[in-house]
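The numbering used here puts the first residue of the sequence shown at 7, with every later residue one more than the last.
For each residue, glycine too, the CB sits at the ideal point set by N, CA and C.
Every value quoted in this text rests on a predicted model; they were computed, and no experiment measured them.
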Amino acid sequence: FGAVLHTYGLLDEFSEHARRVWERFREAGVRTIVTPDPVAALFFRKHYPEFVDGWDIDAVTWVELVAERVASEGVRLGPVSRWAMRVTYHDPCVQSRIMGMVEQPRFLISEIPGVELVEPPRRGVNTGCSGDGGLELVQPEIARRLARARGEELKNTGAELALTSCPACLLTLRSSGVEMFFGDLIDMVHDALLSAKRGEPREVRWAGARRPLRLTKPKGLSVEGLTSTLAEFASRCVRCGFCNPTCSTAQVLDGLESRSARGRVTLIRATVEGRDLRPGEVLDRLYTCVLCGACELACPAGLPVPDMIIYGRALAIKLGLVEREELGVGGGGRR
Numbered sequence: 007f008g009a010v011l012h013t014y015g016l017l018d019e020f021s022e023h024a025r026r027v028w029e030r031f032r033e034a035g036v037r038t039i040v041t042p043d044p045v046a047a048l049f050f051r052k053h054y055p056e057f058v059d060g061w062d063i064d065a066v067t068w069v070e071l072v073a074e075r076v077a078s079e080g081v082r083l084g085p086v087s088r089w090a091m092r093v094t095y096h097d098p099c100v101q102s103r104i105m106g107m108v109e110q111p112r113f114l115i116s117e118i119p120g121v122e123l124v125e126p127p128r129r130g131v132n133t134g135c136s137g138d139g140g141l142e143l144v145q146p147e148i149a150r151r152l153a154r155a156r157g158e159e160l161k162n163t164g165a166e167l168a169l170t171s172c173p174a175c176l177l178t179l180r181s182s183g184v185e186m187f188f189g190d191l192i193d194m195v196h197d198a199l200l201s202a203k204r205g206e207p208r209e210v211r212w213a214g215a216r217r218p219l220r221l222t223k224p225k226g227l228s229v230e231g232l233t234s235t236l237a238e239f240a241s242r243c244v245r246c247g248f249c250n251p252t253c254s255t256a257q258v259l260d261g262l263e264s265r266s267a268r269g270r271v272t273l274i275r276a277t278v279e280g281r282d283l284r285p286g287e288v289l290d291r292l293y294t295c296v297l298c299g300a301c302e303l304a305c306p307a308g309l310p311v312p313d314m315i316i317y318g319r320a321l322a323i324k325l326g327l328v329e330r331e332e333l334g335v336g337g338g339g340r341r
């Protein structure tokens with residue numbers, strides 16, 4: 007669905023890719039997309055509308071869909087004897103922080119007889135990042151540090167199994183080197199549905215369910231359009247630093263200011279103002295962001311920092327501050 011193109015700032019290519027996807031969906035009569043990947047749902051609900059005029063297709067994750075159906079149709083999930091009974095849950099950044107889905111996966115886990123949930127210290131909107139977000143291609147060492155730190159945190163809960171509901175998070179956690187079993191919540195719920203029974207329907211309301219996502223469409227994909235968009239955002243930054251303690255990559259880099267959220271916004275401001283930057287500075291700073299969204303929640307000015315990072319990357323590419331070969335994407339990628 008083009009996440010790699012968008013993540014690395016190849017916005018012209020992403021825009022064209024998204025338009026072709028929309029045309030295919032329209033030809034097939036698609037009205038709603040159900041996906042196991044919260045990042046895919048985010049793209050179809052936020053980034054596609056930002057880049058495709060007339061986009062009118064809804065997208066839901068399996069977590070929100072199944073949780074709603076289990077409650078509204080009175081489904082009583084059955085036991086899952088082949089699974090560990092003491093589990094912990096890793097909230098994907100996109101699913102919890104950006105899309106507001108925190109309670110739904112916990113509801114599903116709580117409905118399975120005999121399964122005990124033990125929470126990690128960082129959970130919900132304050133979840134710890136597992137190191138995806140595009141780092142694996144350009145900053146693999148930072149990605150590994152994040153994955154290992156999160157994996158150890160989950161292991162220290164004493165759970166026998168760590169569950170998540172994001173394919174990318176599952177991949178990074180399984181590659182972290184932490185000796186723990188990591189699994190996909192969808193598999194456990196599938197097994198529980200095989201022995202489910204019908205009960206009484208329940209009305210359950212979840213905070214943040216299907217909430218609208220903020221769109222931040224740039225004023226254009228030219229140098230001028232991106233510069234104008236970023237200059238407007240950067241002018242609102244009060245440099246308070248509230249975002250810095252929340253920055254996932256800064257935490258594993260000992261709080262390095264240049265690799266913090268505020269440091270990246272400062273670099274974006276320098277870029278739009280035309281200041282000289284040292285070789286590799288954009289790659290070292292903008293491309294160490296994991297796009298976890300924690301900084302956006304902490305920002306008193308309400309800046310859409312992850313979107314600013316993406317547009318900053320796109321501008322840097324157009325200005326020749328980053329070579330496409332340095333990104334290692336070649337127009338493709340896992341997503």
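Taken in chain order, the unbroken stretches of alpha helix (DSSP H) that lie wholly in the region 169-210 and span 4 residues or more are 173-180 and 191-200.
Taking each of 330, 16, 86 and 205 in turn and checking the Cα distance to residue 57, the smallest one comes out for 16. In the DSSP annotation of this structure, the continuous segment of the alpha helix (DSSP H) that includes residue 315 starts and ends at 311-324. When the beta-carbon positions are compared, residue 135 and residue 298 come within less than 8 Å of each other.
Closest by C-alpha distance to residue 171, out of 204, 304, 41 and 255, is 41. By the criterion of at least three beta-carbon pairs nearer than 8 Å, the region 314-325 is not in contact with the region 150-164. Contact between residue 30 and residue 63 does not hold, since their C-beta atoms are separated by about 11 Å, which reaches or exceeds 8 Å. Annotation: the continuous beta strand (DSSP E) that includes residue 39 extends over 38-41. DSSP places residue 18 within a helical segment (H, G or I) once states are collapsed to three. Nearest C-alpha to residue 103 among 192, 260, 44 and 115: 44. Look at the region 108-182 and you find these whole runs of alpha helix (DSSP H), each 4 residues long or longer: 109-116, 141-144, 146-161 and 173-180. Taken atom to atom, the span from the alpha-carbon of residue 22 to that of residue 273 is near 28 Å. For residue 96, the enclosing beta strand (DSSP E) begins and ends at 92-96. The shortest CA-to-CA distance from residue 271 to any of 70, 240 and 282 is the one to 240.
Contact annotation: the region 68-81 touches the region 109-124, with at least three C-beta pairs closer than 8 Å. The beta carbon of residue 204 sits closer than 8 Å to those of 79, 80, 81 and 82, all from its chain and outside the five residues before and after it, given in chain order.
By the C-beta density criterion, residue 256 is buried, having at least 16 other C-beta atoms within 10 angstroms.
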